[in-house]
Amino acid sequence: VPPSLGLLFFRLNTPNFPNLSLHHILTLFSVLLCPLSSVLQCPPPPNVDKAKHNSQHLDVFPAGIVVNYSCDPGYSLLGEESIICTDSGNWSLPLPQCAGVTCPAPQIRNGRVTALKPRYTYRDSVTFRCHRGFTLRGHPTSQCRGDRKWHPPVPVCEQGKNQSSGLSGLHIPADFPCLLTKVKAACRYHPRVFPWPSKSSFSSWNICKLHL
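Those letters in the sequence shown? Residues -41 to -1, 1 to 171, by mature numbering (1 follows the signal peptide of the UniProt record, and there is no 0).
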């Protein structure tokens, strides 16, 4: 019991103290207690692993003050971001928590993902490739970001048409990586165009150079 309240109890029990009604007694209690509640304050905000709060510059934390937490890069917030200093001089619960960012395993239909992992975390990157006969629409590389999503978004593989080589009887598959790649080309035989079987190389998507 605070000293002021003990003094009040002592005076109420003395025979010479005038009789007081219950209303007067409650009024005295409120007068004595109000100064006590007005000076209540909380200790410094608790530390949260992988996080910081916005009140580092303060030394006093009176009742009613709100403190906000934010997670370090690569971590996301679990629960409420704020705590408040209550009238009891304690911080509200529960405290925020920061958990490592993970992204769902990327999936691409009619294609495949390179750098397969059982778990993808912040800033992990993957590359997408389409199966033969399909063309990639979108960006071939994505990265796991702080919002637990892939950026740019996962592309799609669309069924593509064969690209014309510019030569009669020869076609290049839509997904064929022909730049600076030497291959053997199978051409339809025509005595006026291809007098004998030939080897070919592709220097661009639509140019076929025959080595006769």
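C-beta atoms are modelled at their ideal positions from N, C-alpha and C, and glycine is treated no differently.
Note that the structure is predicted; figures quoted are calculated from it, not measured.
With a beta-carbon spacing of about 5 Å, residue 22 and residue -2 fall inside the 8 Å limit used to define contacts.
At a Cβ-Cβ threshold of 8 Å, residue 71 and residue 88 count as neighbours. DSSP places residue 21 in the strand class (E or B) of the three-state scheme.
Annotation: residue 7 is outside any beta strand (DSSP E) and is labelled neither H nor E by DSSP. Inter-segment contact for the stretch 25 to 33 and the stretch 52 to 65 is present: three or more beta-carbon pairs are separated by less than 8 Å. Note on geometry: alpha-carbon atoms of residue 9 and residue 31 lie some 6 Å from one another. Closest in alpha carbon position to residue 107, among 116, 77, 82, is 82.
In this structure, residue 61 places its C-beta atom within 8 Å of the C-beta atom of residue 80. Cβ contact annotation for residue 19 (same chain, cutoff 8 Å, sequence separation greater than five): -1, in chain order.
When the five nearest sequence neighbours on each side are left out, the beta carbons in the same chain lying within less than 7 Å of the beta carbon of residue 49 are those of 1, in order along the chain. Taking C-beta atoms as the reference points, residue 92 and residue 118 count as a pair closer than 8 Å. Straight-line measurement puts the Cα of residue 14 at about 24 Å from the Cα of residue 59. Excluding five sequence positions before and after residue 96, the CB atoms of its chain that fall closer than 8 Å to its own CB belong to 114, 115, 116, 117, given in chain order. The Cβ atoms of residue 42 and residue 77 lie no closer than 8 Å to each other. For residue 88, the enclosing beta strand (DSSP E) begins and ends at 84 to 89. With contacts defined as CB atoms closer than 8 Å, residue 94 and residue 73 fail to qualify as a contacting pair. Straight through space, the alpha carbons of residue 12 and residue 112 are spaced by roughly 32 Å. Sequence-distant partners of residue 7 (beyond 5 residues in either direction) whose C-beta falls short of 8 Å from its own C-beta, in its chain, are 28, 54, 55, 56, 57.
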